[in-house]
Every structure is written in C-alpha cells, then in structure tokens.
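Scroll down for the structure; my scribbles are underneath it.
In our numbering, the protein residues as written are 793 to 1428.
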C-alpha cells in the first residue's frame, strides 16, 4: 500500500496500516518533510512544552503524571520498517517508483484538495484497479470525484466492480475528510452527556455516555452496549483512559456478563439509530430572511406597540361618542391619523376633539414609522455581517478557530442547537462565511490578547473548545481561561497524540475538579482512513476515552467469522459486533422485504453470504476480519 501526504495524518496512517493490519507500506512525503517542516513543528512543540512547564511549576508536580509534557516527541518519526520516498512533487515517475501499478491501495492525504485530486486522476489512469482513498475537505466535490473515478475504473476494467451502484460497500474509491471524521468527536467531547454522532450517506448513529447505575439499579443497555468506561472515568484526577490501564481501562464491545459485573463503571450505549435526510442549511434561525424579532430593537417594538394601542383606543372612543359602526369609526380614525382632509365641521364637540387627538398621534407616529423603516433596512443590510454575543448570554460553547476543523465543529454544534460564540484571528478564515450564514456571534481578534476571551463571555461559558492550528495558541488560551474560571470544561486540539496525553494529564492534575480533554485530529481520523484502504466502507469512528471504536459496513461473504453464523455466534467480545442488516437491495421474493437498515435483529438470525451488515469493531477486530494478523504492538 502507498500513502502520500504532507502532515501528521500520513505518518499516523502509515503506522496504523503497518502495526494494526500488518501491511507493507511505501510512504511518500515532500522533500521538506525532513528538512523544513519538522523543525517548525519541533519549535511549536518546544514552545508548547515551555507553556506546559509553567503548569507543572504552578502545581508543584514534577512526577510522571504532570512532568513529562516536555519530553513528548518533538516531531512525528517515520514508522519503522516502511519504505520512505522524499519527492518534490507527485508525478508519474514517482508513482512508478512507489509501485502504484502493483499496489493494492493508495491513500492521498495531502492537506490541499487540488493536489489530491490531480494525483488521484493520474493514479487511476496508471492502475484502474487500485483502491483509492482521497482526503478532501469539499464534500460536494468529493462526491463528484468519487463517481468520476469509479466510472473511469469501470470503463477501464470492463466490469462492474468499481464501486458503483449495486457493487456493494467494497468500493474502489473512497473520499473522506479528516475534519468530518474528527468534528463529531470534538463537539461531543465539549458537551458532557450529549451524543457522539457518526453520520454518513444519511445514516445516523448516536452513542451516549451513561453514568454508572446506582445501588440496586440495572444499567439500560439501549440498542447495544458499545463500551465500558474506565474504572477511573468519574474521578477527575484519575488515569487517562488508555488501554495501558489494563482491567481498569475502557473495554470495547463487552459481552452481557462483563456489563453485568462492571459495577460502578459508566457505559457507552447505542441509543438511537435512524436515517437522516439532508441537513437544512443554516440551522435554527439561519435562513436568508432574518426573524421578525430581529428586524427591530426592543425599544422600537415597544414604541410600535404603544402606537397600536393608541389607535385602537381612539377608534373605540370615536365609536362610543358618535355611535357609528365600529369599522367606520376605525376608518375615520385612520383618516385623521394620516391627516387626510375630512374636517369634522358641524360635528359634535367630542368628535372634533378626537379628530385633533388623532392628528396629534399621527404626528407622533411619523418618526416611529421612519425609525422602523430605517432599522429594518439596516438589519437586512447587515444580515451578512458578523454578529456580536448578545447580552446575558451564558451556558454556551466558546469555539477558538474557524479553519477546516473549527468550521465542521461549528456546524455540528449548531445541528445540536448548542449556542456558540466563535473567536477567530484571521478575517479571511473560511469558517466566517459559515458563521455568518448560521448567525453565530464571532469575535475577531487574537485569543492570546487580553480581553478577547472576555468578549466571548468565557466567564459564563459552558465549555471552551480550542481547535486552532497552533498548539501554543490552544494551550495558552486554555491556561488563561482556566485562570479566569478554574472549573471550565476545556477541549484542546493538539498536533500529536503523545503531546496531547501529556497536556491532558497535567491539566487534570492542576484542575482535578474540572473536565479536561485533549485530542489529536490525526489520531481520530487515521482509523477511518486505514479501514477504507482495507476495502471496507468505514461509516465513522467514535472515541471511547483514548481508544477508538469503528463502524463499518461489509458483505458477509468471504468472512468465515460471520458467514453461516447466528448473530449471537458472530459476536466476539472486544473485537466486533453485528449491529444491523442492510436490506436495501433485497429482492421482493426474499423473506426480508423492508428497505433500509434493520437494527432489531434476533440473536437466532443466521447470516448469509449475500447479507450486508453494519458492525462495530475495534481496530484489531477489523484487522482479523480482513484476514490480517495484527502485530503485538497493535490495538492502541
């Protein structure tokens, strides 16, 4: 397999394929990877470590839990045992040297969409049967590129195995986005108790963390129990929830006996699964036309309401004085208000007095109506401008950074109707247009400058989510926010997972009463990319503390662990579990006639070779299903 990329995701993906699946890897990186890029990352790591040392000194803990932040790897090292090619650019000669014509799969994970598309077109021409995994941020363009490359492969090979409609889940081209893969996990981590969502092609999976049941209570398994949380997950100063904790660590895909015996441990359960239609643009209040209440200020709305009350009162008084029809009285009142010439000469004194009062109210109404028109026009004119946080806002999420990751996280949070305030230093950031469309308040400024976080009302926020591209910015913002509010829930995006672990441990030691999470995007996204390279449709990944659970869809045929087995027999604790049966392509003559996914499968249902199933699996379990023997260091 060949992996081409220019950032941490390429290195992490190569390690994933080599250590978990036992594949032979050729890693293609730019020339500057070893001579220019890594020192820059190293300086960022060193600066981040210096900030981390301040925390260690502040809490007086120079032990293994809090004092190893500075010893984290300064740059990602090439995976051992892989062939590494350093090239200036991807060309046909480079692909030939990397062995693309003989390779099983090719991953193009450059940070630039255009580079990946250009390389994919070249690779498809050189090897029509190669399995392509492409990293693209633009989802709509990715769908078109996937269809184009599949069609090209079908024409070149003369068969229908290129992954087109009806060819199954084992497609030859898969387009993924690291931002889409990591965003649900980042958004869910910032909101304790909310669902972790995996969504792709209309399929919606929700995994919910549930606290340990009380004495005498039985934990609700939901549709399926996906994991047991670590024994120290409820202890703020506990361990980090990695597999290195042994029996105390998180357990993925436990059996019923393990769930029943795990007293005092939280669970991750599958609570709701359904098909979701296309997302409406803009979320709540995100349409092009502003809401009526946003057209006028509160003071002006009260003024308009007062004018309406005056008009109604004058019309009622005229009706009582003159004894005319109520509609006629209202009509004459409006004529007087608008100064339409109809003098009440020869009319009773009460009618003349009411006419004078109506004229006076009409004069008072003119400036109010003019103010309403001007304010409404101003609202429409500034509807595309960035909003400021409203007064009294509280319980919101402060999101730092509106780059690729931040934009996807913002969209996820708004889909969950969570109030958000964004902070962005770059006035040309790609996420500003999304924030403007969603009508989300944005603070333009450097988050490390004094007063910026205060403008985002950090002292009343529910959580801080720092997802900028700079580790130092994220760490400095979190440290400052914690100085303002020690119990604030914080989530950091950091470059590599080792450094994220060190930061996580130190911040938990410094603030044991607050929830802290640190996440590496490459660590969250690499399992999905690796699974797609193995030829299976990875629907998504859900983090369980510092481990990852994959959702995949595959055909039963060719997998002896599934073929001919009942649902109960096919379940292997800690490795994989069949969750649903895909019946979308069944013939009407077969016993299952519904289209879509069937989740309530009985344990006695026998899987057939033609069945396609959705399953949850660990990385080791997926590797075994694919016929690979994981190495001893696998399963992190």
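Cβ atoms here follow ideal geometry from the backbone N, Cα and C, with glycine treated the same way.
Model, not experiment: these values are computed from the prediction.
Cross-strand partners of residue i (DSSP beta bridge)
{"i": "residue 1358", "result": "1398"}
{"i": "residue 1215", "result": "1192, 1235"}
{"i": "residue 1125", "result": "Partner(s): none; residue 1125 has no beta bridge."}
{"i": "residue 878", "result": "821"}
{"i": "residue 1304", "result": "In DSSP, residue 1304 forms no bridge with anything."}
{"i": "residue 924", "result": "898, 965"}
{"i": "residue 1102", "result": "Paired residues: none, contrary to the question."}
{"i": "residue 1368", "result": "1364, 1409"}
{"i": "residue 795", "result": "819, 899"}
{"i": "residue 1017", "result": "1061"}
{"i": "residue 1448", "result": "As displayed, the chain neither begins before 793 nor continues past 1428, which places residue 1448 out of reach and without an answer."}
{"i": "residue 1333", "result": "1342"}
{"i": "residue 1160", "result": "Note: residue 1160 sits in no beta bridge, so no partner."}
Proximity below 8 Å, CB of residue i to CB of residue j
{"i": "residue 1321", "j": "residue 968", "result": "yes"}
{"i": "residue 978", "j": "residue 1229", "result": "no"}
{"i": "residue 1296", "j": "residue 1263", "result": "no"}
{"i": "residue 878", "j": "residue 823", "result": "yes"}
{"i": "residue 1059", "j": "residue 1020", "result": "yes"}
{"i": "residue 789", "j": "residue 813", "result": "The first residue shown for the chain is 793 and the last is 1428, placing residue 789 beyond what the model contains."}
{"i": "residue 802", "j": "residue 794", "result": "no"}
{"i": "residue 1404", "j": "residue 1358", "result": "no"}
{"i": "residue 1308", "j": "residue 1340", "result": "no"}
{"i": "residue 1050", "j": "residue 1408", "result": "no"}
{"i": "residue 1318", "j": "residue 804", "result": "yes"}
{"i": "residue 1093", "j": "residue 1114", "result": "no"}
Buried versus exposed call for residue i [16 or more other C-beta atoms within 10 Å across all chains shown]
{"i": "residue 1352", "result": "exposed"}
{"i": "residue 1128", "result": "buried"}
{"i": "residue 1071", "result": "Caution is warranted here: a pLDDT of 37 is assigned to residue 1071, below 50, making its placement in the model unreliable, and the coordinate value is therefore given only provisionally. That one is exposed."}
{"i": "residue 1029", "result": "Summary for residue 1029: the model assigns pLDDT 44, below 50, so the residue's position carries little reliability; its value from the coordinates is reported in the next sentence. That one is exposed."}
{"i": "residue 745", "result": "For residue 745 there is no data in the structure shown, the boundaries of the chain being 793 and 1428."}
{"i": "residue 1368", "result": "buried"}
{"i": "residue 965", "result": "buried"}
{"i": "residue 1017", "result": "buried"}
{"i": "residue 1161", "result": "exposed"}
{"i": "residue 936", "result": "exposed"}
{"i": "residue 981", "result": "buried"}
{"i": "residue 1145", "result": "exposed"}
{"i": "residue 1415", "result": "buried"}
{"i": "residue 800", "result": "buried"}
{"i": "residue 808", "result": "buried"}
{"i": "residue 1266", "result": "buried"}
{"i": "residue 1360", "result": "exposed"}
{"i": "residue 1003", "result": "exposed"}
{"i": "residue 1165", "result": "exposed"}
{"i": "residue 900", "result": "buried"}
{"i": "residue 1048", "result": "exposed"}
{"i": "residue 1190", "result": "buried"}
{"i": "residue 1323", "result": "buried"}
{"i": "residue 884", "result": "exposed"}
{"i": "residue 797", "result": "buried"}
{"i": "residue 1439", "result": "Examination of residue 1439 is not possible in this model, given that the chain is present from 793 through 1428 alone."}
{"i": "residue 1413", "result": "buried"}
{"i": "residue 821", "result": "buried"}
{"i": "residue 1243", "result": "exposed"}
Integer-rounded CB distance, given that residue j should sit under 8 Å from residue i
{"i": "residue 1406", "j": "residue 1345", "result": "5 Å"}
{"i": "residue 898", "j": "residue 924", "result": "6 Å"}
{"i": "residue 1298", "j": "residue 1045", "result": "Rounded, the Cβ-Cβ distance is 31 Å, inconsistent with contact."}
{"i": "residue 1335", "j": "residue 1316", "result": "6 Å"}
{"i": "residue 1227", "j": "residue 1245", "result": "No, residue 1227 and residue 1245 are not in contact; Cβ-Cβ is about 17 Å, not under 8 Å."}
{"i": "residue 1259", "j": "residue 1192", "result": "6 Å"}
{"i": "residue 922", "j": "residue 892", "result": "7 Å"}
{"i": "residue 1121", "j": "residue 1110", "result": "4 Å"}
{"i": "residue 1061", "j": "residue 1197", "result": "With a Cβ gap of about 27 Å, residue 1061 and residue 1197 do not count as contacting."}
{"i": "residue 1393", "j": "residue 1373", "result": "6 Å"}
{"i": "residue 819", "j": "residue 894", "result": "Not really, about 16 Å apart at Cβ, beyond 8 Å."}
{"i": "residue 1112", "j": "residue 1125", "result": "Not really, about 12 Å apart at Cβ, beyond 8 Å."}
{"i": "residue 945", "j": "residue 920", "result": "5 Å"}
{"i": "residue 973", "j": "residue 1333", "result": "6 Å"}
{"i": "residue 1401", "j": "residue 1327", "result": "The Cβ separation is near 17 Å, so there is no contact."}
{"i": "residue 1268", "j": "residue 1240", "result": "5 Å"}
{"i": "residue 1022", "j": "residue 1040", "result": "6 Å"}
Heavy atom of the ligand NAD within 7 Å of residue i beta-carbon
{"i": "residue 922", "result": "The ligand NAD is not among the ligands present in this structure, which contains no ligands whatsoever."}
Three or more C-beta pairs closer than 8 Å, one from the stretch 1232-1240 and one from the stretch 1203-1221: is that the case here? yes
Take every Cβ of the stretch 902-911, pair it with every Cβ of the stretch 1199-1210, and state whether three or more of those distances are shorter than 8 Å. no
Across the stretch 1181-1189 and the stretch 1251-1271, are there enough close Cβ pairs to call them in contact, namely three or more that are closer than 8 Å? yes
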